[in-house]
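Novice:
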Amino acid sequence: DGGITQSPKYLFRKEGQNVTLSCEQNLNHDAMYWYRQDPGQGLRLIYYSQIVNDFQKGDIAEGYSVSREKKESFPLTVTSAQKNPTAFYLCASTRFGTGIGYTFGSGTRLTVV
Amino acid sequence: AQSVTQLGSHVSVSEGALVLLRCNYSSSVPPYLFWYVQYPNQGLQLLLKYTSAATLVKGINGFEAEFKKSETSFHLTKPSAHMSDAAEYFCALAGGYEEADGLTFGKGTHLIIQP
Chain A
1 DGGITQSPKY LFRKEGQNVT LSCEQNLNHD AMYWYRQDPG QGLRLIYYSQ IVNDFQKGDI
61 AEGYSVSREK KESFPLTVTS AQKNPTAFYL CASTRFGTGI GYTFGSGTRL TVV
Chain B
1001 AQSVTQLGSH VSVSEGALVL LRCNYSSSVP PYLFWYVQYP NQGLQLLLKY TSAATLVKGI
1061 NGFEAEFKKS ETSFHLTKPS AHMSDAAEYF CALAGGYEEA DGLTFGKGTH LIIQP
């Protein structure tokens, strides 16, 4: 079955470390997205990519970086510049012009220790 | 700028009672609107979507929503609540019939079902 796979499910980061969250989809979707979820804040857009080798900043891109070298993959790196990285991170994808909404992965919970 | 407002961060209903979760939106262009459900430590699952066809939209698990342009609303309802409906619900908006630039989400409503 097609879907989006996020890994790992839980991730612990030490202060000053960079960590990378994986997101892979086999839905042949064009666009991919990273959202951050904090309690009571809803979902906030970090980065998104509409085509390979191109991506745009969302509302809260500072302290994060991404790459889109393959259509299927959109990894997110949380850098040491992100001062409050503890959150639940969700990856999503969609196909243009269909109005199908987004398909979401099951998320990665990142905790700073 | 577009925005989504969900009225009530927590809604509590008795099992078997009507569920009503409120969503109002602001958009300068005709919107696509969505309702998603999230269970603890999981991703979001699409309940239903409005994409400019019928204003009354039926979704999964007995949920439906009505698009009211005059009220800029897209409230979610279910006639009879079930214990399994307890979850977080998010209303989301894509402006201009194009979701490629990212959905705008409300802050969510936590639905509590009392036995």
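Note that the protein sequences, when read in sequence, are chains A and B.
The opening residue of the first sequence carries number 1 in the numbering used here; numbering runs sequentially from there.
The opening residue of the second sequence carries number 1001 in the numbering used here; numbering runs sequentially from there.
Just so it is clear, CB atoms sit at the ideal spot from N, CA and C, and this is done for glycine as well.
Along the chain, where does the beta strand (DSSP E) that runs through residue 57 of chain A open and close?
Specialist: Sequence index remark: in the first sequence, residue 57 of chain A carries index 57 (1-based). Looking at the DSSP string, the run of the beta strand (DSSP E) that includes residue 57 of chain A is 54–57.
Novice: Round the Cβ separation of residue 1076 of chain B and residue 1060 of chain B to the nearest angstrom and send it over; I've been treating them as touching at under 8 angstroms.
Specialist: Position 76 of the second sequence, counted from the first residue, corresponds to residue 1076 of chain B. Position 60 of the second sequence, counted from the first residue, corresponds to residue 1060 of chain B. At roughly 12 angstroms, the Cβ-Cβ gap does not stay under 8 angstroms, so residue 1076 of chain B and residue 1060 of chain B are not in contact.
Novice: Entirely within the region 5–47 of chain A and at least 3 residues each: give me those beta strand (DSSP E) ranges in chain order.
Specialist: Entirely contained in the region 5–47 of chain A, the beta strand (DSSP E) runs reaching 3 residues are, in chain order, 10–13, 19–25, 31–38.
Novice: Have a look at residue 1108 of chain B and residue 1013 of chain B and give me their C-alpha separation to the nearest angstrom.
Specialist: Working through the second sequence from its first residue, we reach residue 1108 of chain B at position 108. Working through the second sequence from its first residue, we reach residue 1013 of chain B at position 13. If you take the alpha carbons of residue 1108 of chain B and residue 1013 of chain B, they lie about 16 angstroms apart.
Novice: What is the residue span of the beta strand (DSSP E) that residue 1112 of chain B lies within?
Specialist: Residue mapping note: residue 1112 of chain B aligns to position 112 of the second sequence, counting from 1. Where residue 1112 of chain B is concerned, the enclosing beta strand (DSSP E) stretches over 1109–1114.
Novice: Quick one: Cα of residue 77 of chain A to Cα of residue 9 of chain A, how far?
Specialist: Sequence index remark: in the first sequence, residue 77 of chain A carries index 77 (1-based). Sequence index remark: in the first sequence, residue 9 of chain A carries index 9 (1-based). Their Cα atoms are separated by approximately 15 angstroms.
Novice: Determine, using beta-carbon pairs with one atom in the region 51–60 of chain A and one in the region 1001–1018 of chain B, whether at least three such pairs fall under 8 angstroms.
Specialist: Not touching, per the Cβ criterion.
Novice: For residue 107 of chain A and residue 36 of chain A, I'd like the C-alpha separation in whole angstroms.
Specialist: As a working mapping, residue 107 of chain A is identified with position 107 in the first sequence. As a working mapping, residue 36 of chain A is identified with position 36 in the first sequence. Whole-angstrom Cα-Cα distance: 10 angstroms.
Novice: Against residue 1108 of chain B, what residues of chain A qualify as contacts under a CB-to-CB distance less than 7 angstroms, listed in chain order?
Specialist: Position 108 of the second sequence holds residue 1108 of chain B. Those within 7 angstroms of residue 1108 of chain B in chain A are 42.
Novice: Using only CA atoms, which one of A:42, A:63, A:25 lies nearest to residue 2 of chain A?
Specialist: Residue mapping note: residue 2 of chain A aligns to position 2 of the first sequence, counting from 1. Ranking the options by Cα distance to residue 2 of chain A, first place goes to A:25.
Novice: Suppose contacts are defined by Cβ-Cβ distances below 8 angstroms. Is residue 6 of chain A in contact with residue 22 of chain A by that definition?
Specialist: For the purposes of this step, residue 6 of chain A is taken as residue 6 along the first sequence, with counting starting at 1. For the purposes of this step, residue 22 of chain A is taken as residue 22 along the first sequence, with counting starting at 1. A contact, by the Cβ cut-off of 8 angstroms.
Novice: Let me confirm a value: residue 15 of chain A is counted as buried when at least 16 other C-beta atoms fall within 10 Å, else exposed. Which label applies?
Specialist: Counting from one through the first sequence, the residue named residue 15 of chain A turns up at place 15. With fewer than 16 Cβ atoms within 10 Å of its Cβ, residue 15 of chain A is classed as exposed.
Novice: Please name the residues in the region 1046–1074 of chain B whose beta-carbon is closer than 8 angstroms to at least one beta-carbon of chain A, in chain order.
Specialist: From the region 1046–1074 of chain B, only 1046, 1049, 1051 have a Cβ closer than 8 angstroms to chain A.
Novice: If we call anything under 8 angstroms between Cβ atoms a contact, is residue 1036 of chain B one with residue 1044 of chain B?
Specialist: Within the second sequence, numbered from 1, the residue matching residue 1036 of chain B stands at position 36. Within the second sequence, numbered from 1, the residue matching residue 1044 of chain B stands at position 44. Against a cut-off of 8 angstroms, the Cβ pair of residue 1044 of chain B and residue 1036 of chain B comes out as a contact.
Novice: Under a Cβ-count criterion, where at least 16 other Cβ atoms within 10 Å of its own Cβ denotes burial, should residue 39 of chain A be classed as buried or exposed?
Specialist: By 1-based counting over the first sequence, the position of residue 39 of chain A is 39. Exposed is the call here.
Novice: Within 10 Å of its beta-carbon, does residue 49 of chain A have 16 or more other beta-carbons around it, so buried, or fewer, so exposed?
Specialist: Locating residue 49 of chain A in the first sequence gives position 49, where the first residue counts as 1. Residue 49 of chain A comes out buried.
Novice: Taking the alpha carbon of residue 1064 of chain B as the reference point, which residue from B:1054, B:1071, B:1094 has its own alpha carbon closest?
Specialist: As a working mapping, residue 1064 of chain B is identified with position 64 in the second sequence. Ranking B:1054, B:1071, B:1094 by Cα distance to residue 1064 of chain B puts B:1054 first.
Novice: DSSP state of residue 1024 of chain B, grouped into three classes?
Specialist: Translated into the one-based positions of the second sequence, residue 1024 of chain B becomes position 24. Three-state DSSP puts residue 1024 of chain B in a strand.
Novice: Looking at chain A, is there any beta carbon in it that lies within less than 8 angstroms of the beta carbon of residue 1100 of chain B?
Specialist: One-based indexing of the second sequence puts residue 1100 of chain B at position 100. Yes, contact with chain A.
Novice: Using a C-beta cutoff of 8 angstroms, does residue 17 of chain A count as contacting chain B?
Specialist: Start at 1 with the first residue of the first sequence, and residue 17 of chain A comes out as number 17. Not one chain B Cβ lies under 8 angstroms of residue 17 of chain A.
Novice: Pick out the complete beta strand (DSSP E) segments inside the region 66–101 of chain A, 3 residues or longer, and give them in chain order.
Specialist: List check, beta strand (DSSP E) in window: 76–78, 87–94.
Novice: Look up residue 1075 of chain B in the DSSP assignment and give the residues it is bridged to.
Specialist: Taking the first residue of the second sequence as 1, we reach residue 1075 of chain B at position 75. For residue 1075 of chain B, which the question treats as bridged, DSSP gives the partners B:1066.
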